[in-house]
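Enquirer: Residue 390 is where the sequence shown starts when you use the working numbering, and the numbers rise one by one after that.
Below is one structure. I have some questions about it.
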Amino acid sequence: MTVTSSPRQLKLALFGLGRLGAIRARILASQQPLIDFIAACDTKPGAAEWAVANLPPSVRFYDDPEDCMRHSGAEAILISTATATHAPLICLGLDLGLHVMCEKPIAVDVLTTQEVVQKAKSNPQLKFLVPFTRRYDDSYRAAKLLAEKGSLGEVHAVETHCIDKQDPTGNNLFLVISGGIFVDMGIHDIDVGRYFLDVKSGLTNPKRQVNRVVAMGQQVVYGDLAEYGDADNGWGLVEFANGKIMTTHLGRTTTNGYEAGTRVHGTKGHALIGANSTINRVEIRDQYGVRNASAPDAFSLYDKTFINDLDEFARAVLYDAPMSCTPEDAFEAAKIVIALQHSFRTGQPVYFSEDGLPLLETTKANGETNGTANGLVTYTANESANGGHSTGLKAI
Ligand SMILES: NC(=O)c1ccc[n+]([C@@H]2O[C@H](COP(=O)([O-])OP(=O)(O)OC[C@H]3O[C@@H](n4cnc5c(N)ncnc54)[C@H](O)[C@@H]3O)[C@@H](O)[C@H]2O)c1
Numbered sequence: 390m391t392v393t394s395s396p397r398q399l400k401l402a403l404f405g406l407g408r409l410g411a412i413r414a415r416i417l418a419s420q421q422p423l424i425d426f427i428a429a430c431d432t433k434p435g436a437a438e439w440a441v442a443n444l445p446p447s448v449r450f451y452d453d454p455e456d457c458m459r460h461s462g463a464e465a466i467l468i469s470t471a472t473a474t475h476a477p478l479i480c481l482g483l484d485l486g487l488h489v490m491c492e493k494p495i496a497v498d499v500l501t502t503q504e505v506v507q508k509a510k511s512n513p514q515l516k517f518l519v520p521f522t523r524r525y526d527d528s529y530r531a532a533k534l535l536a537e538k539g540s541l542g543e544v545h546a547v548e549t550h551c552i553d554k555q556d557p558t559g560n561n562l563f564l565v566i567s568g569g570i571f572v573d574m575g576i577h578d579i580d581v582g583r584y585f586l587d588v589k590s591g592l593t594n595p596k597r598q599v600n601r602v603v604a605m606g607q608q609v610v611y612g613d614l615a616e617y618g619d620a621d622n623g624w625g626l627v628e629f630a631n632g633k634i635m636t637t638h639l640g641r642t643t644t645n646g647y648e649a650g651t652r653v654h655g656t657k658g659h660a661l662i663g664a665n666s667t668i669n670r671v672e673i674r675d676q677y678g679v680r681n682a683s684a685p686d687a688f689s690l691y692d693k694t695f696i697n698d699l700d701e702f703a704r705a706v707l708y709d710a711p712m713s714c715t716p717e718d719a720f721e722a723a724k725i726v727i728a729l730q731h732s733f734r735t736g737q738p739v740y741f742s743e744d745g746l747p748l749l750e751t752t753k754a755n756g757e758t759n760g761t762a763n764g765l766v767t768y769t770a771n772e773s774a775n776g777g778h779s780t781g782l783k784a785i
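And the structure:
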């Protein structure tokens, strides 16, 4: 008789039970055989009641993150909290000897991102993963295989788009605290460009993967975003140091649903991924013509990816298996999106230094400069080159 022992499970605590955290909780409770979901933590009022009603009774709830990290018995944590809390929670977790998976982005400025990535790198015994959704999607993986096999010839350019549905309440200002459209939404798209464009090859200086970026944007539905140096539609152009180029269109204003897609241009062919972001393959033919139902949001279009990335993280911790995204991927994508947000706000291109950092200083008409390499720039009224719409940028 063969006795099969069940595999060891990774003891994990989840931080954040908001929009994505609730999805993560459901997946952890029922779709992760390699993970023992032992604890959840959220600091908002009412979270304990939500946890009792929605989580398995074996999951212990904490309202204090440090208490949860120190006393729940977790070996690993998944951080799905608000963006501003990522860096301190990651650092605390690493300091306490925990493996860390954290939703993008690590932070909304370059220096904090750099410090966190360095801390993760200096603890190589601890796994650290910032999962970029598209790398866990079957279609992106299939296109990547085509590119790697050479079926597309030399892949020289990537175009992406990612457009959310309008919020009927008209209230999108909460997005401002997430760093702006390029940082918050664009980081996935920029990562897609880096994924396909072999950005580390053909470099004369390996520290510098990007030459320059430029961004433009509009506020066509959410006019108030101008006040915060943000856009509801943004276009970014990135020239990598190996000569490859990517463009991205980011938006928050479709009326049908969420749309996202990528075109990978090669010298022998190109691949188009997800241009028609439908929720399924059903085609409706009626008095309106031929149509499909749109995916309502990114969570439904990329639902499987939130299972795949957690499974990969568990295998990395338990079996030292490889991961699809490195700390360097998180840092490189962050530098580009922070540079794009800055370019949009200032109306100027951003160049990258020989050290590979975006040069974020801006020169005013009177010759003075403001801003720092940190990407935290304070504007006063009428300083922005954003079509003259901006009236002042609050600290974000
Ligand atoms: N595809 C993706 O990779 C993807 C998709 C959506 C969101 N995100 C990221 O996931 C994160 C969460 O997004 P969301 O839409 O679920 O946000 P949300 O605002 O709905 O939820 C955040 C939750 O975190 C809790 N929280 C805040 N600070 C905390 C702390 N210190 N400890 C414990 N809990 C805390 C809040 O109370 C809230 O319940 C964001 O950083 C976002 O950028 C990633």
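For glycine and all other residues, C-beta sits at the position ideal for the given N, C-alpha and C.
Bear in mind that the values here come from a model prediction, so they are computed numbers and not experimental data.
For residue 442 versus residue 450, is the C-beta distance shorter than 7 Å?
Expert: Their beta carbons are not under 7 Å apart, which means residue 442 does not touch residue 450 by this criterion.
Enquirer: If you pair each beta-carbon of the stretch 506-526 with each one of the stretch 698-705, do three or more pairs fall below 8 Å?
Expert: At 8 Å Cβ cutoff, the stretches touch.
Enquirer: If you draw a straight line from the alpha carbon of residue 512 to that of residue 654, how long is it in whole angstroms?
Expert: When rounded, the distance between both Cα atoms is 38 Å.
Enquirer: Should residue 666 be listed as close to ligand 1, given that the test is whether its C-beta is under 6 Å from any heavy atom?
Expert: Residue 666 Cβ: outside cutoff for every heavy atom of ligand 1.
Enquirer: Do residue 662 and residue 651 have their C-beta atoms within less than 7 Å of each other?
Expert: Cβ distance < 7 Å, so residue 662 and residue 651 count as in contact.
Enquirer: Specify, as a first and last residue, the run of the alpha helix (DSSP H) that residue 735 falls within.
Expert: 716-735 is the span of the alpha helix (DSSP H), which, as asked, contains residue 735.
Enquirer: Verify whether the separation of the beta carbon atoms of residue 403 and residue 418 is less than 7 Å.
Expert: In this structure, residue 418 does not lie closer than 7 Å to residue 403 by Cβ.
Enquirer: Cβ of residue 471 versus every heavy atom of ligand 1: is any distance shorter than 6 Å?
Expert: Checking the Cβ of residue 471 against ligand 1 gives yes.
Enquirer: Roughly how many angstroms separate the alpha carbons of residue 571 and residue 504, rounded to a whole number?
Expert: One C-alpha to the other measures close to 21 Å.
Enquirer: State the start and end residues of the unbroken beta strand (DSSP E) segment that holds residue 607.
Expert: First-last of the beta strand (DSSP E) with residue 607: 599-607.
Enquirer: Using 10 angstroms around the beta-carbon of residue 761, count the other beta-carbons present and answer buried if the total reaches 16, otherwise exposed.
Expert: With a pLDDT of 47 at residue 761, under the threshold of 50, the predicted position of this residue should be treated as unreliable, and no value is reported.
Enquirer: Give me the DSSP bridge partner(s) of residue 624.
Expert: BP columns for residue 624 point to 605, 638.
Enquirer: The beta strand (DSSP E) with residue 701 in it runs from where to where?
Expert: That residue, residue 701, is in no beta strand (DSSP E); its alpha helix (DSSP H) goes 694-708.
Enquirer: Assign residue 630 to one of two classes, buried (16 or more other C-beta atoms within 10 Å of its C-beta) or exposed (fewer than that).
Expert: It is buried - the Cβ of residue 630 has at least 16 other Cβ atoms within 10 Å.
Enquirer: Considering only heavy atoms of ligand 1, does any lie closer than 6 Å to the CB of residue 405?
Expert: Answer for residue 405: yes, Cβ within range of ligand 1.
Enquirer: Between residue 407 and residue 687, what straight-line distance do the alpha-carbon atoms span, to the nearest angstrom?
Expert: The alpha-carbon atoms of residue 407 and residue 687 are separated by roughly 15 Å.
Enquirer: State the DSSP-derived secondary structure class of residue 646, mapped to helix, strand or coil.
Expert: Residue state, collapsed to three classes: coil.
Enquirer: Is there contact between the stretch 446-466 and the stretch 422-430, where contact requires at least three CB pairs shorter than 8 Å?
Expert: Contact holds: three or more Cβ-Cβ distances are below 8 Å.
Enquirer: In whole angstroms, what separates the C-alpha of residue 557 from that of residue 646?
Expert: Roughly 12 Å separates the two Cα atoms.
Enquirer: Got a sec? Which residues, its chain only, sit under 7 Å from residue 492 by beta carbon, not counting five neighbours each side?
Expert: Cβ neighbours of residue 492 beyond the five flanking positions: 409, 468, 469.
Enquirer: Kindly indicate the opening and closing residues of the alpha helix (DSSP H) around residue 429.
Expert: Taken as a continuous stretch (DSSP letters only), residue 429 belongs to no alpha helix (DSSP H), being part of the beta strand (DSSP E) at 424-430.
Enquirer: Quick one: give me the first and last residue of the alpha helix (DSSP H) that residue 458 is part of.
Expert: That run of the alpha helix (DSSP H) goes 454-460.
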